[in-house]
Amino acid sequence: MKDEYSQIIVKRILELCRQRDFTIYQLSAMSGISYSTLDNLINHKTFNPKIKTLHKIASAFSLTLSEFFDYPELEEFSFEDTHSD
1 MKDEYSQIIV KRILELCRQR DFTIYQLSAM SGISYSTLDN LINHKTFNPK
51 IKTLHKIASA FSLTLSEFFD YPELEEFSFE DTHSD
């Protein structure tokens with residue numbers, strides 16, 4: 001379950017890409033984040049994206065971090081149920 005939070009973030013990113021008809025490649029270009037970094041996140045090779053990365057992703061979608069995290073599954077997630085940071 002250590003990556004459950006990461007999976008929710010990936011789900012949020014993919015949902016935003018679908019809503020805006022973006023590919024991961026387009027998101028990479030728009031956010032300034034390398035394609036390999038996004039690919040690693042999407043394919044669960046990276047589990048803890050830095051806040052700077054999330055900020056760039058949110059900005060590419062013309063969202064603030066608050067708006068990016070305004071997602072029911074993220075709001076409902078409890079870190080108390082996990083055993084690691």
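With the UniProt record's numbering as the guide, the letters of the sequence shown map in order to residues 1 to 85.
Using N, Cα and C, we set each Cβ at its ideal position, and we do this for glycine too.
Quantities reported herein were computed from a predicted structural model and do not represent experimental measurements.
Can you give me the start and stop residues for the alpha helix (DSSP H) that residue i sits inside?
i   : result
T37 : 35-42
T53 : 51-60
K45 : Note, K45: premise wrong, no alpha helix (DSSP H); not H, not E.
Y5  : 4-20
Y71 : Y71 -> no alpha helix (DSSP H), and no H or E assigned at all.
S78 : No alpha helix (DSSP H) holds S78; DSSP gives it neither H nor E.
Buried or exposed: which applies to residue i, given that a residue is buried once 16 or more other Cβ atoms fall within 10 Å of its Cβ?
i   : result
L65 : exposed
F79 : exposed
M1  : Confidence is the limiting factor: at M1 the pLDDT is only 46, short of 50, which leaves the residue's position unreliable, though a coordinate-based value still follows. With fewer than 16 other Cβ atoms within 10 Å, it is exposed.
D85 : Because the pLDDT of D85 is 49, which lies under 50, any placement of that residue in the model is unreliable, and the number read from its coordinates should be weighed accordingly. Flag for D85 reads exposed.
Would residue i pass as a contact of residue j if the rule is Cβ separation under 8 Å?
i   : j   : result
F68 : A58 : yes
F61 : R18 : no
E73 : K11 : yes
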